[in-house]
Amino acid sequence: MPFSIVNSQGRQILKLEGAVTIRDAQALAAKLGEGLEDGAPVEVDTSGLEDIDTCILQLLTSLRKIVPVLSFDNPSETFISAVDRRGLRRELLNAREGL
């Protein structure tokens, strides 16, 4: 699996590694549906990400709407590049211009 969810100290960490593509979208959506705790912040770790497609970025955009806090601490260059190519910086990275 190119993704995992770990609960740690009142927060949830969604780790994306390798290539996360449309082939993983259904499983990722199901895992998020069953694995997220209500009201807990979610941090997305993209440090090991090699490729991500639009479908997964759309899933993350939807996730932002249903969790109280969604953060991308130290997003990888691969992630930032994919976000920028699709014009989703404001939606996913809160318009952090310094990246």
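Numbering-wise, numbering that gives the first Met the number 0 puts 4 at position 5 of the sequence shown, and it's gapless, one number per residue.
For each residue, glycine too, the CB sits at the ideal point set by N, CA and C.
Quick caveat, the model's predicted, so the values are computed rather than measured.
- Annotation: the continuous beta strand (DSSP E) that includes D44 extends over 41-51.
- For the options E33, T77, V41, the alpha carbon positioned closest to that of Q8 is the one of V41.
- A distance below 7 Å separates the beta carbons of E49 and G17.
- Non-local C-beta neighbours of V19 in its own chain, meaning closer than 8 Å and more than five positions away in sequence, comprise P1, F2, L27, L48, D50, I51, D52, I55, ordered along the chain.
- The alpha carbon of T45 has as its nearest neighbour, out of S75, E90, R10, D83, the alpha carbon of S75.
- Here V82 has L56, R88, L91, L92 as same chain residues with Cβ atoms under 7 Å from its own Cβ, once five neighbours each way along the sequence are excluded.
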